[in-house]
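K.L.:
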Amino acid sequence: MQVFSIILVLASVLSSTPSFSQTLSVCYHANCFKKVTLKVSSNTHSQVGAFFSSITSATEEREAIRHAVRKLYLEAAKYSPIASDHGGNFNDTSADGRMDCVDHSRNDTTFLTYLQQQGWLSYHRVGEIVWRNPLIINLHYASQVIDINTGNSWVVDTWFLDFGELAIVIPYEQWKSGYSP
Numbered sequence: 001m002q003v004f005s006i007i008l009v010l011a012s013v014l015s016s017t018p019s020f021s022q023t024l025s026v027c028y029h030a031n032c033f034k035k036v037t038l039k040v041s042s043n044t045h046s047q048v049g050a051f052f053s054s055i056t057s058a059t060e061e062r063e064a065i066r067h068a069v070r071k072l073y074l075e076a077a078k079y080s081p082i083a084s085d086h087g088g089n090f091n092d093t094s095a096d097g098r099m100d101c102v103d104h105s106r107n108d109t110t111f112l113t114y115l116q117q118q119g120w121l122s123y124h125r126v127g128e129i130v131w132r133n134p135l136i137i138n139l140h141y142a143s144q145v146i147d148i149n150t151g152n153s154w155v156v157d158t159w160f161l162d163f164g165e166l167a168i169v170i171p172y173e174q175w176k177s178g179y180s181p
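Per our numbering, the very first residue in the sequence shown carries number 1; after that it's consecutive.
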């Protein structure tokens, strides 16, 4: 009888716990040569959503974006070797998980689109991938979000940084002019 009661309680708890399943494509190894499927766990989904729970301005939302993108990369590292990625291209050597700016811009845009699809972006919308070529030899791609009230474009860029650091979010014009941290 006691076992039956425990089973009933457990069944009740499990049936009332919402299940969540979201998959995102993450690429790496330069030019998205390799791809994995990231399965966003319920826990990660909740943690990422919490970053946006009390946002009251576009500035706060951009800060939340920085944290959300990092959290999604940390989750993606469970399915791929991307934790070995270093900022830029020249510090990676031949690491299997290395990412160039093409990989970063596509992954960042995937993550931003996920945030938008969840309804967590209230002050921004995801824009197209942007590029710059200020010195002819250093073509660079990044993601962008657009402030829905001002129309200003903000670049979201993780390529400059070692794995696990917060994304850089800066005005597009500053980034386009050759910004490098």
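Beta carbons are placed, not taken as given, at the ideal position from N, Cα and C, and that holds for glycine.
Counting C-beta neighbours from all protein chains within 10 Å, is the total for residue 23 16 or more, i.e. buried, or is it exposed?
P.N.:
Exposed, since its Cβ has fewer than 16 Cβ neighbours within 10 Å.
K.L.:
Keeping to the same chain, check which residues put their C-beta closer than 6 angstroms to that of residue 35; ignore five residues upstream and five downstream.
P.N.:
Contacts found: 25 and 27.
K.L.:
Pop quiz: residue 68 and residue 115 are said to be a contact at Cβ under 8 angstroms. What is the actual Cβ separation, rounded to whole angstroms?
P.N.:
Correct: roughly 6 angstroms between the Cβ atoms.
K.L.:
Between the Cα of residue 79 and the Cα atoms of 147, 47 and 37, which residue gives the shortest distance?
P.N.:
Ranking the options by Cα distance to residue 79, first place goes to 37.
K.L.:
Apart from the five residues just before and just after residue 89, which ones in its own chain have a Cβ nearer than 6 angstroms to its Cβ?
P.N.:
So the list reads 100, once near-sequence residues are dropped.
K.L.:
Comparing C-alpha positions only, which one of 63, 135 and 132 sits nearest to residue 112?
P.N.:
Ranking the options by Cα distance to residue 112, first place goes to 63.
K.L.:
Count the other CB atoms, across all protein chains shown, that sit within 10 Å of the CB of residue 70; report buried if there are 16 or more and exposed otherwise.
P.N.:
Buried, since its Cβ has 16 or more Cβ neighbours within 10 Å.
K.L.:
Counting only runs of 4+ residues fully inside the region 55-87, write out the alpha helix (DSSP H) ranges in chain order.
P.N.:
DSSP runs (the alpha helix (DSSP H)) wholly in the region 55-87: 58-76.
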